[in-house]
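Chains as they are written, first to last, in the working numbering: chain A, 3 to 333; chain E, 203 to 704. Ideal placement from N, C-alpha and C gives every residue a C-beta, glycine not left out. Note that the coordinates shown come from a computational prediction; the quantities given were computed from them, not determined experimentally. Here the structure comes first, spelled out in structure tokens, and everything after it is commentary.
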């Protein structure tokens with residue numbers, strides 16, 4: 003019997019010849035972002051001679067790492083249909099915690115653990131309020147933009163904490179096998195997230211919750227637990243990037259990370275993850291972060307004024323989102 | 203010159219390479235109720251969307267009062283007096299009935315402010331014209347589904363609709379509400395409004411429609427007056443073959459021992475407690491009017507919703523689930539009535555939906571990661587066994603028909619090896635052909651010793667499928683009908699409506 007399976011009504015009207023191509027993109031959303039990345043790379047290399055030099059590319063990767071690490075946690079939260087605006091503040095608290103501990107005489111490795119714990123605590127607060135108390139994520143994490151930031155400012159009295167031990171510099175300035183540590187940390191975080199999201203049950207649940215929370219709950223999955231986990235992990239990645247940044251700057255800056263939440267969200271969305279959750283890919287986020295980084299770097303090389311850069315960046319984000327989602331809307 | 207209000211001539215619509223409608227002709231006269239019939243996927247919704255201005259036909263003409271019109275977008279369709287009442291309403295829940303009726307064409311005072319009293323007056327008049335007693339200042343979110351439907355109709359009339367298309371308006375209504383809706387439709391008919399009525403229920407078509415127009419595979423296959431048809435003829439017309447409510451025979455073997463014993467289940471302190479038992483290998487029907495508490499009881503039983511008191515044993519061990527996860531652990535699964543919003547993760551594929559109930563079965567024994575290969579073969583076995591029609595197990599669940607979606611939900615719980623399946627409206631929104639398949643599946647599940655609780659608003663379904671029936675009324679178990687020969691539509695209605703009390 004013919005029509006029962008795939009009712010034509012469900013199809014995409016007016017697609018015509020482009021249908022196969024469009025289906026390919028829909029099945030492989032990552033390609034959208036990759037094409038964007040390549041186009042951007044080509045454009046930048048034409049506009050600026052230095053862009054493609056190995057030194058500059060390594061520079062881009064290192065600059066990208068801080069935002070990219072935060073964006074991993076952000077991806078996980080957004081996949082569940084949530085949002086985490088507190089990441090910049092949590093990162094700053096992580097920085098000052100690590101720096102403060104070291105200034106108080108703690109060895110770097112203990113300071114790092116304390117910073118990570120601080121990130122987990124902030125993530126847990128978000129997670130409890132969103133998953134268990136059922137408050138809207140945008141409000142909870144908006145409030146949590148203030149609390150960690152305020153705590154960091156209180157603790158440091160508003161001044162950066164500098165004079166950190168030389169051995170701490172490894173995490174932001176060191177190299178392993180000729181590759182800079184921030185890049186390695188970034189790749190490791192992405193690798194772990196990739197395996198978790200794609201090869202473990204928890205990944206299926208996180209995607210599923212964003213796709214249809216109620217269906218997942220009625221399938222006998224403890225939805226709240228996984229929602230909580232998403233915010234917990236977001237706090238953790240914010241703290242990790244805080245450690246990298248404080249090591250890069252060799253100081254703990256309570257004012258760092260303002261606006262980082264927006265950069266992270268931009269990376270996630272540029273990477274093809276649906277802002278309403280359920281669809282997307284962690285590697286897309288890496289591509290998205292790289293796009294943002296290349297854009298920043300290229301515009302700097304071309305000596306475009308930072309103010310104009312902001313305008314351009316915003317316009318390009320809108321354009322990219324339109325290209326990836328605007329066209330294949332289902333209605 | 204014909205005196206048709208609306209005419210379609212040779213309307214064809216293609217999606218990519220698929221023909222959804224092929225040279226459809228349709229006539230509709232003022233004051234007529236035309237039933238549009240057809241299985242899901244036969245082209246009904248495409249036809250409705252063409253009339254709504256959502257889809258533009260590739261070929262053919264649309265005429266209103268003999269003049270050709272182009273319905274390029276929904277607002278143009280409205281301008282020509284065509285209004286659609288969709289299954290899912292387009293009302294704003296936080297606004298009042300009156301505000302919804304005037305949404306987008308608010309009455310203003312000479313000062314430019316909202317003229318609330320004028321709008322309230324007009325809304326009241328519109329509702330009165332429908333013969334509906336409804337306070338227009340109430341919020342839509344507080345209205346029953348039937349009342350919301352009346353508000354939709356009033357909204358359409360307020361926009362001077364002359365052609366009203368009702369897309370399965372009765373699917374979510376109770377028997378009494380359907381009667382009210384029909385009264386409203388007859389009232390409209392008297393004032394010259396033409397209606398296209400879509401329903402899967404043949405009895406309703408015989409009650410309300412003057413003519414039927416049947417689509418199959420996107421073509422008109424029959425147009426005739428209802429008075430000249432029998433139900434069997436209509437089913438043959440729809441399906442192109444003879445199938446009508448063929449319920450599989452009840453098994454000869456008596457059901458087994460009671461495995462789920464509900465001693466006392468109370469949803470809220472002010473509500474009465476219920477108690478019942480479920481036997482192994484039986485289908486226990488839950489009948490009653492909408493709002494009688496059937497769905498609430500089974501959802502609370504499974505921990506999907508809260509319960510005040512839950513004194514239940516399952517296989518003689520206490521069973522007090524605080525979430526559906528606890529029920530799953532004890533082998534009990536819920537198949538919700540709203541599959542698209544509660545049963546399936548639409549962006550997920552068939553396979554991903556099936557395995558989500560039991561991902562631990564796919565984990566590597568040491569590493570704990572998921573083995574896609576293991577899942578694939580298990581899912582394929584279920585897909586074949588339930589004959590789920592999908593191009594592959596990777597097809598997104600969103601693109602399946604209603605019947606196949608329900609089968610995927612069944613597959614989910616079989617994958618988790620549940621022994622007790624709780625179906626809430628097992629065949630809602632599923633076409634005639636696929637229904638018999640679902641019924642056959644349910645019987646084969648009980649033949650394997652699984653037990654089924656079936657909440658259903660469809661009397662024929664309750665009568666045809668249940669081994670025992672619990673009739674609920676006002677959150678109370680009014681009656682349990684144990685003997686198969688006493689399970690009749692009349693008996694059930696009698697208890698459900700409190701006929702034995704009156």
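{"query": "Check distances from the C-beta atoms of the segment 202 to 220 of chain A to those of chain E and list, in chain order, the residues that come in under 7 Å.", "result": "202, 203, 206, 210, 213, 214, 216, 217, 218, 219 and 220"}
{"query": "Tell me which residues share the same chain as residue 185 (chain A) and place their Cβ nearer than 8 Å to its Cβ, disregarding the 5 neighbours each side in the sequence.", "result": "60, 63, 64 and 67"}
{"query": "Cα-Cα, which of E:570, E:613 and E:497 is closest to residue 591 (chain E)?", "result": "E:613"}
{"query": "Is it true that the segment 418 to 429 of chain E meets the segment 387 to 399 of chain E, where meeting means three or more beta-carbon pairs spaced less than 8 Å apart?", "result": "no"}
{"query": "What's the gap between the Cα of residue 121 (chain A) and the Cα of residue 586 (chain E)?", "result": "48 Å"}
{"query": "Any chance the segment 649 to 664 of chain E sits against the segment 478 to 485 of chain E, with 3 or more Cβ pairs inside 8 Å?", "result": "yes"}
{"query": "If you draw a straight line from the C-alpha of residue 559 (chain E) to the C-alpha of residue 299 (chain A), how long is it?", "result": "46 Å"}
{"query": "Measuring straight from C-alpha to C-alpha, what distance separates residue 318 (chain A) and residue 178 (chain A)?", "result": "35 Å"}
{"query": "So, does the CB of residue 485 (chain E) fall closer than 7 Å to a CB anywhere in chain A?", "result": "no"}
{"query": "Can you tell me where the beta strand (DSSP E) holding residue 270 (chain E) begins and where it ends?", "result": "269 to 271"}
{"query": "What residues are listed by DSSP as bridge partners for residue 565 (chain E)?", "result": "E:572"}
{"query": "I want to verify the contact list: residues of chain E whose CB lies under 7 Å from the CB of residue 224 (chain A), in sequence order.", "result": "525 and 527"}
{"query": "Which residues, in chain order, does the segment 81 to 96 of chain A contribute to contact with chain E at a C-beta distance below 8 Å?", "result": "none"}
{"query": "When burial is assigned at 16 or more other CB atoms within 10 Å of the CB, is residue 34 (chain A) buried or exposed?", "result": "buried"}
{"query": "Write down the C-beta distance between residue 611 (chain E) and residue 655 (chain E) rounded to the nearest angstrom, noting that I regard them as a contact closer than 8 Å.", "result": "Their Cβ separation, rounded to whole angstroms, is 15 Å, which puts residue 611 (chain E) and residue 655 (chain E) out of contact at 8 Å."}
{"query": "Do you know offhand how far residue 57 (chain A)'s Cα is from residue 219 (chain A)'s?", "result": "50 Å"}
{"query": "Looking at residue 262 (chain A): is its Cβ nearer than 7 Å to the Cβ of residue 129 (chain A)?", "result": "no"}
{"query": "Closer than 9 Å by beta-carbon distance: list the chain E residues that pair up with residue 280 (chain A), in chain order.", "result": "547, 548, 549 and 550"}
{"query": "Answer yes or no: does any C-beta atom of chain A fall closer than 7 Å to that of residue 313 (chain E)?", "result": "no"}
{"query": "Would residue 148 (chain A) be called buried (16 or more neighbouring beta carbons within 10 Å of its own) or exposed?", "result": "exposed"}
{"query": "Between residue 221 (chain A) and residue 143 (chain A), how many whole angstroms is the CB-CB distance? I'm expecting something under 8 Å.", "result": "Actually they are not in contact, since the Cβ atoms of residue 221 (chain A) and residue 143 (chain A) sit about 27 Å apart, beyond 8 Å."}
{"query": "Please report the distance separating the alpha-carbon of residue 637 (chain E) from that of residue 605 (chain E).", "result": "7 Å"}
{"query": "So which of E:689, E:276 and E:540 has the shortest CA-CA distance to residue 361 (chain E)?", "result": "E:276"}
{"query": "Determine whether the beta carbon atoms of residue 293 (chain E) and residue 376 (chain E) lie at a separation below 7 Å.", "result": "no"}
{"query": "Suppose contacts are defined by Cβ-Cβ distances below 7 Å. Is residue 265 (chain E) in contact with residue 230 (chain E) by that definition?", "result": "no"}
{"query": "Out of E:352, E:321 and E:343, which has the shortest C-alpha to C-alpha gap to residue 336 (chain E)?", "result": "E:352"}
{"query": "Which runs of the beta strand (DSSP E), 3 residues or longer, sit entirely within the segment 630 to 679 of chain E?", "result": "653 to 657 and 670 to 675"}
{"query": "Would you give the residue range spanned by the beta strand (DSSP E) that residue 489 (chain E) belongs to?", "result": "485 to 490"}
{"query": "Please tell me whether residue 572 (chain E) has its Cβ less than 7 Å away from any Cβ of chain A.", "result": "yes"}
{"query": "Residues in the segment 268 to 299 of chain E with C-beta within 7 Å of chain A's C-beta atoms, listed in sequence order?", "result": "none"}
{"query": "For residue 206 (chain E), which beta-bridge partners are listed by DSSP?", "result": "E:231"}
{"query": "Would you report the Cα separation of residue 502 (chain E) and residue 472 (chain E), rounded to the nearest angstrom?", "result": "15 Å"}
{"query": "Under 8 Å by Cβ, that's how I've got residue 173 (chain A) and residue 246 (chain A) pegged, so tell me the actual separation to the nearest angstrom.", "result": "6 Å"}
{"query": "Which chain A residues are close to residue 544 (chain E), counting only those with a beta carbon under 8 Å from its beta carbon?", "result": "214, 216, 217 and 220"}
{"query": "Which residues bound the beta strand (DSSP E) around residue 546 (chain E)?", "result": "Unbroken run through residue 546 (chain E): none, as it is neither H nor E."}
{"query": "Residue 270 (chain A) and residue 80 (chain A) - do their beta-carbons sit closer together than 7 Å?", "result": "yes"}
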